Amino acid sequence: MIKREQTEKLRLTVSDVYIDDFISDLEKNGVSALTPNSEAYPTELKYIADPPFVLYARGKCARLQAETPFAIIGARRCSDYGKKVSAHMGCELAKNGVTIVSGLAYGCDSLAAQGALSAAEQKYPTAAILGQGVCTAKTDGTAEIMEAIIENGCVMSEFLPFTRAATYFFPMRNRIISGMSCGVLVVEAGEKSGTMITANCALEQGRTVYA
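If you use the numbering used here, the sequence shown corresponds to residues 1 to 211, in order.
Okay, structure coming up:
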């Protein structure tokens with residue numbers, strides 16, 4: 001019969017091995033695990049009602065601390081006007097030292113990110129908050145944009161790195177988009193859309209919402 005002390009020692013050993021393997025996997029995949037005590041954890045995010053305990057990040061996340069983060073969000077099925085405004089605002093704000101934050105969804109979000117990436121010399125970072133793991137392939141046509149963001153800015157998620165996207169993850173990540181930003185621009189949105197969820201999160205968090 002195994003004694004209680006032996007059981008506890010075995011439990012701790014298994015736990016240590018799991019943690020070591022997990023950290024090793026993160027390092028192999030270029031993933032950082034940020035907690036509110038980490039220097040690279042988004043400053044404004046620490047003060048919302050329900051900040052994520054851990055953010056998994058790929059890219060140059062430390063650069064975000066030196067810039068002003070601002071979210072641009074909108075409909076997936078956007079109009080020609082929405083497409084132009086998203087890309088234009090992303091580019092112009094980035095040129096003026098603003099870090100563009102988005103959910104990198106197809107449509108307004110990804111166009112804003114592309115606009116920011118096209119800004120002269122990509123001087124300022126761009127951030128994307130995902131409703132999936134940061135090591136899971138994007139399947140909505142934005143995979144190349146995600147990789148470009150990682151080169152200069154970062155992608156982040158509170159979900160484990162290889163977690164697949166799920167519908168109910170997106171409302172959860174929306175509070176992070178608004179929470180780490182000083183303001184939110186809504187380009188286009190349906191009345192009951194995810195974009196409006198983000199806008200409402202922003203208002204609850206005391207952020208300014210532009211439309």
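For each residue, glycine too, the CB sits at the ideal point set by N, CA and C.
Remember, it's a predicted structure, so these values are computed and weren't measured experimentally.
Residues bridged to residue i [DSSP beta-bridge criterion]
{"i": "V184", "result": "A71, V209"}
{"i": "S32", "result": "A57"}
{"i": "T99", "result": "P69"}
Length of the line joining the Cα atoms of residue i and residue j
{"i": "I129", "j": "V155", "result": "6 Å"}
{"i": "A148", "j": "L203", "result": "30 Å"}
{"i": "A127", "j": "S38", "result": "17 Å"}
{"i": "L26", "j": "I48", "result": "27 Å"}
{"i": "L55", "j": "R164", "result": "16 Å"}
{"i": "F53", "j": "N174", "result": "15 Å"}
{"i": "K83", "j": "A199", "result": "19 Å"}
{"i": "Y81", "j": "A211", "result": "13 Å"}
{"i": "V184", "j": "E144", "result": "24 Å"}
{"i": "N152", "j": "A62", "result": "11 Å"}
{"i": "V186", "j": "D20", "result": "42 Å"}
{"i": "I176", "j": "Q114", "result": "20 Å"}
{"i": "P102", "j": "I73", "result": "According to the sequence shown, residue 102 is Ser rather than Pro. Rounded to the nearest angstrom, the two C-alpha atoms are 6 Å apart."}
{"i": "N96", "j": "P69", "result": "12 Å"}
{"i": "S24", "j": "L34", "result": "15 Å"}
{"i": "V85", "j": "I150", "result": "24 Å"}
{"i": "M22", "j": "K138", "result": "In the sequence as presented, Met is not what sits at residue 22; that position holds Phe. Roughly 22 Å separates the two Cα atoms."}
{"i": "G59", "j": "A40", "result": "11 Å"}
{"i": "S79", "j": "T208", "result": "24 Å"}
{"i": "G133", "j": "C201", "result": "22 Å"}
{"i": "Y168", "j": "L93", "result": "31 Å"}
Contact check, residue i vs residue j, beta carbons under 8 Å
{"i": "D140", "j": "Y106", "result": "yes"}
{"i": "S118", "j": "T142", "result": "no"}
{"i": "P125", "j": "E67", "result": "yes"}
{"i": "C135", "j": "N29", "result": "yes"}
{"i": "A71", "j": "G90", "result": "no"}
{"i": "A57", "j": "V31", "result": "yes"}
{"i": "M172", "j": "L104", "result": "no"}
{"i": "A87", "j": "I100", "result": "no"}
{"i": "E188", "j": "C108", "result": "yes"}
{"i": "P42", "j": "L64", "result": "yes"}
{"i": "M196", "j": "L45", "result": "no"}
{"i": "A75", "j": "S193", "result": "yes"}
{"i": "G131", "j": "F170", "result": "yes"}
First through last residue of the beta strand (DSSP E) which encompasses residue i
{"i": "R58", "result": "55–59"}
Host alpha helix (DSSP H) of residue i (start-end)
{"i": "L93", "result": "80–95"}
{"i": "S178", "result": "169–179"}
{"i": "T198", "result": "194–204"}
Which full runs of the alpha helix (DSSP H) of 4+ residues lie inside the segment 101–166, going along the chain?
-> DSSP assignment within the segment 101–166 yields the following whole alpha helix (DSSP H) runs of 4 residues or more, N-terminal first: 108–118, 143–152.
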